[in-house]
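Engineer: Here the working numbering is used: position 171 in the sequence shown is 409, and no number is missing along the way.
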Amino acid sequence: MKSKDLFQQHLAQTTEHALGLEIERAEGSYLYDINGNPYLDFISGIAVSAFGHGHPRIKKALKDQIDQHLHVMVYGEFIQNAQNRLAKALLKTLPSELDSFYFVNSGAEAIEAALKLAKRSTGRQKIMAFKGAYHGSTHGALSVSWNEERKKDYRPLLPNIHFLEWNVEAELLQITDETAAVILESIQGDAGVRIPSTSFMQALRQRCNETGCLLILDEIQCGMGRTGKMWAFEHFGIVPDMMTAGKALGAGLPIGCLAASKALMANFSHSPSLGHITTFGGHPLPCSAAAEGLNILEEEQLLDQIVKKGNYIEEKINHPSIQAIRRKGLMLAIELESEVAVDTLVSKAMERGLILFWFLSTPNAFRIAPPYTISTQEINEGCGIVHDILDELM
Numbered sequence: 239m240k241s242k243d244l245f246q247q248h249l250a251q252t253t254e255h256a257l258g259l260e261i262e263r264a265e266g267s268y269l270y271d272i273n274g275n276p277y278l279d280f281i282s283g284i285a286v287s288a289f290g291h292g293h294p295r296i297k298k299a300l301k302d303q304i305d306q307h308l309h310v311m312v313y314g315e316f317i318q319n320a321q322n323r324l325a326k327a328l329l330k331t332l333p334s335e336l337d338s339f340y341f342v343n344s345g346a347e348a349i350e351a352a353l354k355l356a357k358r359s360t361g362r363q364k365i366m367a368f369k370g371a372y373h374g375s376t377h378g379a380l381s382v383s384w385n386e387e388r389k390k391d392y393r394p395l396l397p398n399i400h401f402l403e404w405n406v407e408a409e410l411l412q413i414t415d416e417t418a419a420v421i422l423e424s425i426q427g428d429a430g431v432r433i434p435s436t437s438f439m440q441a442l443r444q445r446c447n448e449t450g451c452l453l454i455l456d457e458i459q460c461g462m463g464r465t466g467k468m469w470a471f472e473h474f475g476i477v478p479d480m481m482t483a484g485k486a487l488g489a490g491l492p493i494g495c496l497a498a499s500k501a502l503m504a505n506f507s508h509s510p511s512l513g514h515i516t517t518f519g520g521h522p523l524p525c526s527a528a529a530e531g532l533n534i535l536e537e538e539q540l541l542d543q544i545v546k547k548g549n550y551i552e553e554k555i556n557h558p559s560i561q562a563i564r565r566k567g568l569m570l571a572i573e574l575e576s577e578v579a580v581d582t583l584v585s586k587a588m589e590r591g592l593i594l595f596w597f598l599s600t601p602n603a604f605r606i607a608p609p610y611t612i613s614t615q616e617i618n619e620g621c622g623i624v625h626d627i628l629d630e631l632m
């Protein structure tokens, strides 16, 4: 049976129109299909492969860990060096208030853990989220996400979820002493890279302080250097009570992380014990890759490069047919006049060896989120392809 037939007939499909590219290998900023054709990866597997494909330091970290051990016990029972190395690396990047980590398998799982911990720690049940939000596709994460089209067939979801207008300070008065937590992306991703104002974020932090509820910032897509700072909340001069991370954190491997204070996280360990459990969370391979990724970010001074490369892409990508560009670092949304234009662009770009992608909830925009290690020459190549197609569409 051909590979494509196996894919279509025996692997669960998430869409009736999958891109269907048959990948044989990947290296640097490129994917290669079974015929050896190169494809420039302008999206990093949706902000995951932030250090490119096959970074030698990450491969070495994985090989070294394989020689030591793989899974040895469910999370939290045995002391494992890979988890300790990752915790040590994270501590160097985060404020002292976020000094305890729960490692899980994905960003959505980290959201689930955060929602549970908020209820357990406050004794409250009400959760406030924001219009335009996307936090994942599990039941709890979907409950605090906004897109009703993607939720309606899976109801009932979690109760006591209330949505506020994004970036509107007057809305924050709806946060009360009955609220367990407020959850939001530090920069909205699926909504098309929506960046809040500093005054809004600081007012939100203050309102949470006043009402005694917990502030959960979702940095699954916008964290781990993507915006030019290690964590996106640094742009706004605030510190959350909890932060979730994933995607780029695993340096190409699956991982999620909930960060909080030791005092908050301790609530998972008693009354009842095993308040949150995972078999494969904290697996030594993703932890080893994540720890090495954090080291690479620091030692290769990639944050400054992310800012410069993001500025350069915005300059090079500009075209008369583009309606708007929203960007922070190497996290970009490019709006066109219609969903049809975006679909056509993504399709034609792949035909010409460039991988782009759209947003679930912003169909008239496409995303650019390349590896942090992308070169100037590769940026010129990708932007040139986009320009050629946009010229044809005008």
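Yeah, the Cβ is synthetic: ideal placement off N, Cα and C, and Gly gets one too.
Owing to the predicted nature of the structure, the values given are computational and were not obtained by experimental measurement.
From the DSSP output, which residues share a beta bridge with D271?
Structural biologist: I261
Engineer: State the Cα-Cα distance for the pair G345 and T482, rounded to the nearest angstrom.
Structural biologist: Whole-angstrom Cα-Cα distance: 7 Å.
Engineer: Is the beta carbon of F474 closer than 8 Å to that of Q440?
Structural biologist: Yes, they are a contact pair.
Engineer: Would you call the segment 541 to 551 and the segment 384 to 397 touching, i.e. three or more CB-CB distances under 8 Å?
Structural biologist: Verdict: no, contact absent.
Engineer: Can you tell which of Q303, I399 and E260 has its C-alpha closest to the C-alpha of A529?
Structural biologist: Q303
Engineer: So, under 8 Å CB-CB, F341 and I544 are touching, yes? Tell me the CB distance rounded to an integer number of Å.
Structural biologist: Contact doesn't hold; Cβ gap of about 24 Å is too wide.
Engineer: Where DSSP assigns a beta bridge to T417, which residues make up the other side?
Structural biologist: K364
Engineer: For the segment 294 to 312 against the segment 619 to 628, do three or more pairs of beta-carbon atoms, one drawn from each stretch, fall closer than 8 Å, so that the two count as touching?
Structural biologist: no
Engineer: Looking at the structure shown, is N300 part of a helix, part of a strand, or coil, going by DSSP?
Structural biologist: Just to set this straight, residue 300 is Leu in the shown sequence, not Asn. It is helical.
Engineer: Look up Y610 in the DSSP assignment and say whether it is helix, strand or coil.
Structural biologist: coil
Engineer: Spatial neighbours of Y268 within its chain, please: C-beta separation below 8 Å, excluding the five flanking residues on both sides.
Structural biologist: P276, Y277, L278, D279 and H291
Engineer: Rounded to a whole number of angstroms, what is the C-alpha to C-alpha distance between Q561 and N319?
Structural biologist: 49 Å
Engineer: Spatial neighbours of H625 within its chain, please: CB distance less than 7 Å, with the 5 preceding and 5 following residues excluded, ordered by chain position.
Structural biologist: Here H625 has H557 as same chain residues with Cβ atoms under 7 Å from its own Cβ, once five neighbours each way along the sequence are excluded.
Engineer: So F597 is in the beta strand (DSSP E); what residue range does that whole segment cover?
Structural biologist: Premise fails: F597 is in no beta strand (DSSP E) and is neither H nor E.
Engineer: Look at the Cβ atom of A497, then the Cβ atom of G463, and state whether they are nearer than 8 Å.
Structural biologist: no
Engineer: Can you grab the Cα-Cα spacing for the pair G641 / C446, in whole Å?
Structural biologist: Because residue 641 is not part of the residues shown, which for the chain are 239 to 632, the question remains open.
Engineer: By Cβ distance, which residues of its chain are closer than 6 Å to E265, with the 5 residues on each side in sequence left out?
Structural biologist: H291 and G292
Engineer: Using the Cα positions of V477 and A371, report the straight-line distance between them to the nearest angstrom.
Structural biologist: 20 Å
Engineer: Taking L324 and D337 to be in contact with their CB atoms under 8 Å, please state how far apart those CB atoms are, rounded to whole angstroms.
Structural biologist: That belief does not hold up - the Cβ atoms of L324 and D337 are roughly 14 Å apart, past 8 Å.
Engineer: For E448 and V382, what's the separation of their Cα atoms in angstroms?
Structural biologist: 22 Å
Engineer: Which runs of the alpha helix (DSSP H), 4 residues or longer, sit entirely within the segment 421 to 470?
Structural biologist: Runs of the alpha helix (DSSP H) inside the segment 421 to 470: 436 to 449.
Engineer: Could you give the DSSP three-state label for H248: helix, strand or coil?
Structural biologist: helix
Engineer: DSSP on K566, reduced to helix/strand/coil?
Structural biologist: strand
Engineer: If you reduce the DSSP assignment to three classes, tell me which class E335 lands in.
Structural biologist: coil
Engineer: Return the chain-ordered list of same chain residues with a C-beta closer than 7 Å to the C-beta of E416, the five sequence neighbours on each side being excluded.
Structural biologist: R362 and K364
Engineer: Sort C451, A603, E260 and R605 by Cα distance to T414 and report the nearest one.
Structural biologist: C451
Engineer: Would you mind working out which of A367, L308 and F506 sits nearest F339, comparing C-alpha positions?
Structural biologist: F506
Engineer: Report the CB separation of S241 from E260 in whole angstroms; it is logged as a contact under 8 Å.
Structural biologist: Contact holds; Cβ gap of about 6 Å.
Engineer: Distance, Cα to Cα, W535 vs A607?
Structural biologist: Note that residue 535 is Leu in the sequence shown here, rather than Trp. Using only the alpha carbons, I get a separation of about 16 Å.
Engineer: Taking DSSP as the reference, what is the three-state secondary structure of I551?
Structural biologist: If DSSP states are grouped into helix, strand and coil, I551 belongs with the helices.
Engineer: Are the CB atoms of G488 and A527 within a distance shorter than 8 Å?
Structural biologist: With contacts defined by Cβ atoms closer than 8 Å, A527 and G488 form a contacting pair.
Engineer: Suppose the cutoff is 7 Å on Cβ atoms and the five residues either side in sequence are ignored; what does the same chain contact list for N533 look like?
Structural biologist: Here the set comprises A327.
Engineer: Give the DSSP-derived three-state secondary structure of F341 in the structure shown.
Structural biologist: strand
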